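So the sequence shown is numbered by numbering that gives the first Met the number 0: it starts at 0 and just counts up by one. Heads up, the beta-carbon is just placed ideally off N, CA and C, and yes, glycines get one too. The structure presented is a predicted model; accordingly, all values stated were derived computationally and were not measured. Comments concern the structure below.
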Amino acid sequence: MIQSSRQWHEKLLFALLGYRTTVRTSVGATPYLLVNGIEAIMPAEVEIPSLRIIVEDEVEDSEWVKTRLEQFTSIDEKRMAAVCHGQLYQQRMARAYNKKVWPRNFEVGQLVLRCILPHHKEAKGKFAPNWKGPYIIRKLLPKGALYLGDIEGNDPETAINADTVKGIMFNPSVVPILSDWDDEGFHSRYPKHFNLLLTL
């Protein structure tokens with residue numbers, strides 16, 4: 000065992016051996032197998048000969064060389080099987096992840112609230128509001144990016160991530176129609192109605 004952090008280099012080779020001879024879940028094979036075409040021989044197999052060691056000892060040198068060449072020629076096949084296994088593993092992980100994901104679709108002109116992140120100027124402590132808005136979506140970009148603008152017509156030049164916004168829904172019986180929005184601003188004309196916005 001390592002007694003101090005200064006002796007880590009003495010166990011580095013053992014750590015690399017364990018890593019290279021352990022089956023990776025993502026590819027279904029060991030890194031050693033994908034490089035050399037054969038599984039590594041463990042030190043314990045040398046001290047206590049395993050069946051593989053006993054069989055190889057009885058094989059003649061010419062036959063062993065022939066078998067080794069066949070193993071080298073099958074490396075590409077093993078690597079291709081590892082690639083296919085990795086793709087299937089990624090698909091399984093994606094399905095498990097997507098089960099917990101709720102899709103959110105935004106449209107141009109939709110009203111949203113923007114999350115106030117710690118690096119924003121509006122962030123003033125834990126008692127400050129977490130959301131700011133409402134904003135209007137001006138443009139949709141691929142990969143979940145949005146261009147927002149306020150109700151006064153000021154459009155920022157930077158795009159934001161769709162994960163930092165959420166749509167808002169009005170209660171028609173409480174909130175006035177959109178035609179009531181003007182240059183004076185929604186906050187000044189309807190301060191009580193703004194507090195009654197229902198967030199999704």
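DSSP three-state assignment for residue i, whether helix, strand or coil
i, result
"Pro-133", "strand"
"Lys-10", "helix"
"Gly-17", "helix"
"Val-164", "strand"
"Leu-197", "Summary for Leu-197: the model assigns pLDDT 39, below 50, so the residue's position carries little reliability; its value from the coordinates is reported in the next sentence. DSSP places Leu-197 in strand when its eight states are reduced to three."
"Arg-103", "coil"
"Ile-176", "Because the pLDDT at Ile-176 is just 46, under 50, the model does not fix this residue reliably, and the value given afterwards should be weighed accordingly. Correct three-state label for Ile-176: coil."
For residue i, the first and last residue of its enclosing beta strand (DSSP E)
i, result
"Arg-113", "110-114"
"Ala-144", "144-148"
Range covered by the alpha helix (DSSP H) that runs through residue i
i, result
"Val-45", "42-46"
"Pro-30", "30-35"
Closest Cα partner of residue i within the set the options
i, options, result
"Val-26", "Val-111, Leu-12 and Cys-83", "Cys-83"
"Lys-165", "Thr-157, Cys-114 and Ser-73", "Cys-114"
"Thr-72", "Leu-33, Leu-140 and Asn-97", "Leu-33"
"Ile-135", "Asn-35, Asp-149 and Arg-51", "Asp-149"
"Ile-74", "Glu-38, Ile-53 and Pro-42", "Glu-38"
"Leu-16", "Met-41, Val-54 and Glu-76", "Met-41"
"Pro-117", "Gln-109, Val-111 and Phe-126", "Phe-126"
"Asn-153", "Asn-160, Thr-163 and Arg-137", "Arg-137"
"Lys-142", "Asn-104, Pro-155, Glu-121 and Glu-151", "Asn-104"
8 angstroms Cβ cutoff, residue i in contact with chain C
i, result
"Glu-121", "In the structure shown, chain C cannot be found, because there is only a single protein chain."
Contained alpha helix (DSSP H) runs [length at least 4] in the region 48-93, N- to C-terminal order | 50-57 and 60-72
Three or more beta-carbon pairs under 8 angstroms between the region 59-71 and the region 130-149, yes or no?
-> no
At least 3 beta-carbon pairs within less than 8 angstroms: the region 16-26 vs the region 74-89 | yes
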